[in-house]
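Below is one structure, written out as structure tokens, with a few remarks after it.
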Amino acid sequence: MKGGDEEVAAPAGPPQPLDWKFSQVFGERTAGEEIQEVDIISAIEFDKTGDHLATGDRGGRVVLFERTDAKDHGLSRRDLERTDYPISRHPEFRYKTEFQSHEPEFDYLKSLEIEEKINKIRWCQTANSALFLLSANDKTIKFWKVQEKKIKKISKIIADPSKAVGNGNVASSSNSNSPKSFLANGVSPDRSCNHLGNDISFPPGGLPSLCLPVVVTSQETNLLARCRRVYGHAHDYHINSISNNSDGETFISADDLRINLWNLEISNQSFNIVDLKPANMEDLTEVITSAEFHPAHCNMLAYSSSKGSIRLIDLRQSALCDSHAKLFEEPEAPGSRSFFTEIIASISDIKFAKDGRYILSRDYMTLKLWDINMDSGPVATFQVHEYLRPKLCDFYENDSIFDKFECCLSGDGLRVATGSYSNLFRVFGCAPGSTETTTLEASKNPMRTQVQTPSRPSRSLNSITRVVRRAETLGVDANGNSLDFTTKLLHLAWHPTENLIACVAANSLYMYYA
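All residue numbers for the sequence shown refer to the UniProt record's numbering, where the first residue is 1 and numbers rise by one.
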């Protein structure tokens, strides 16, 4: 086939692997610097446009970043057209503002301390150039409005003393030029005006004019975060998920056993739409681990469980969604069951693809991609921690096996990403025929090789081959000596329109582009 036929057939293959590069870091710690517990980032989220990024930490603070490379920098359209910007310009962000979202509390009825740690952040629809977002700790959800306000300054008008009007002089001149008048009770009115009391007298020349402060609005602006509503007293267990509905009016919050539906305008009531709590708690077999609304259909949402299943429910079926519309779970392989089977099958996070066709789930060992039209099994499975299987007993003893790693999809749906130990994160290609597998480290040199291979110098390898070889080396090193399991990359987010990943390593925020 020649000519135009070749051009039509070329795009059928999988996309080329991306070459990831370091972009930015915020809050980078120096060598030997002790990390404060309250500074560790616990939530991260891009807004729908990708122009803003929000992070929450264990100290209850929310920090906002804004994109800078997309702004016009004050130039006219003609000047921008003349400016020769490079095509490979990647997204760049800068610090915007921060505010204290939650404070530590104490539930006196249950004798329970409530941490200020931010569990989830979700952006809401913007209005009138103001930013709106939801932030949640274990028990309470807050609705925040962040807006630029012009700074108002107070200035005084200095009156000219020579033009000051003396109260005493005016009164005396009026008394001399007009006949005295008396009130009904016989008291002279000028006496009541000029002699207010025995201890009060006017100075010679009268009083100067009163200087009143005047409020002047300057051109300077200041970002102000204001809590519009507080949604509380609706969860007996820790909130693990919040998700906005596509209708822009409602959202859900989920804990271990219940999912509640809220209206953004009403904070004193919510509707319980999913309830897994049995009459006898001894009969409890699974808990809710994550929940998310469908990105396009306001009546559909999905939630995952500790048994490794995902349920798709339709709010049009009934008010209490005890039954599901679809159930996604992978059949257990015969003879593969062990003590850790249910623990590692528990799903820690689910995400809908941008078009709502696919659901990405993360359990301890794998990433799985599900087609909502096919509930027989996942359409793709990506091995993340398979090399750790011989060490599951050790991870159970130190509770690492219960770590909850998040996952994310690219805006075009061609790639997925998730975190791992030693501040590593992995990117997989999920397009048909793609074999892309990239392992990067949350540092300024994401491609650096921890284990050198003398037989094949690393400089003779291209970047993709190098990171794949590194992933293979980690898989062989089953004793984990080359990994640091105390440093874990749990939270990351993919820019909605660009190949940009923001990930969290303790108190540092790293960004990488391709």
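Backbone N, C-alpha and C fix where the C-beta goes; we use that ideal spot for every residue, glycine too.
- T439: member of the beta strand (DSSP E) spanning T437 to E441, first to last residue.
- In terms of CA proximity to T68, L53 leads the group A234, L53, Q383 and A319.
- Residue pairing by DSSP puts Y358 in a beta bridge opposite D371.
- Between S309 and E332 a beta carbon distance of about 12 Å is seen, past the 8 Å cut, so the two are scored as non-contacting.
- T366 and H385 have their alpha carbons spaced roughly 7 Å apart.
- Counting the other Cβ atoms within 10 Å of the Cβ of I313 gives 16 or more, which makes it buried.
- Look at E282 here: in three-state DSSP terms it is helix.
- Between K120 and A225, the CB-CB gap reaches or exceeds 8 Å.
- In the structure shown, V384 falls within a coil segment according to DSSP collapsed to helix, strand and coil.
- Under DSSP, N398 takes part in no beta bridge, so it has no partner.
- Between Y510 and L500, the CB-CB gap reaches or exceeds 8 Å.
- If you draw a 10 Å sphere on the C-beta of V215, you find fewer than 16 other C-beta atoms in it, and that means exposed.
- Between L276 and I288 the beta-carbon gap is near 6 Å, inside 8 Å, which marks them as a contact.
- Remark: fewer than three beta-carbon pairs, one from each stretch, lie closer than 8 Å, so the stretch 375 to 383 and the stretch 332 to 349 are not flagged as touching.
- For K21, the three-state secondary structure derived from DSSP is strand.
- Contact annotation, L134 with I242: C-beta distance approximately 6 Å; criterion of less than 8 Å satisfied.
- If you check the CB distance, R362 and T418 come in under 8 Å.
- Between F340 and L392, the alpha-carbon positions lie close to 8 Å from each other.
- Among the bridge pairs identified by DSSP, T418 is matched with C407 and R426.
- Collapsing the DSSP output to three states places K152 in a strand.
- According to the DSSP assignment, I310 belongs to the beta strand (DSSP E) that extends over I310 to D314.
- By the neighbour-count criterion, in which 16 or more other beta carbons inside 10 Å mark a residue as buried, K142 falls on the buried side.
- Annotated as distal: F352 and E406, with beta-carbon spacing of 8 Å or more.
- Burial state of D322 is exposed, judged by a 10 Å Cβ sphere holding fewer than 16 other Cβ atoms.
- By the neighbour-count criterion, in which 16 or more other beta carbons inside 10 Å mark a residue as buried, H233 falls on the exposed side.
- Under the three-state reduction of DSSP output, D363 falls in the coil class, being neither helix nor strand.
- The secondary-structure analysis by DSSP pairs R337 with nothing; it has no beta-bridge partner.
- In this structure V62 is in contact with I118, their Cβ atoms being roughly 7 Å apart against a cut-off of 8 Å.
- Under the criterion of beta carbons closer than 8 Å, G60 and H102 qualify as touching, at roughly 4 Å.
- Non-local beta-carbon contacts of H491 in its own chain, meaning distances under 6 Å to residues more than five positions away in sequence, involve I44, E406 and V504 in chain order.
- Setting aside the 5 residues that flank it on each side, R316 is surrounded in the same chain by N299, each with a C-beta closer than 6 Å to its C-beta; the list follows chain order.
- In this chain, the beta strand (DSSP E) harbouring A254 covers T250 to A254.
- Taking R29 as the centre and dropping the five residues before and after it, the same chain places the C-beta of I35, A506, N507 and S508 closer than 8 Å to its C-beta, in chain order.
- W123 places its beta carbon 8 Å or farther from that of D19.
- Spanning the alpha carbons of T497 and E116 requires a straight line of approximately 32 Å.
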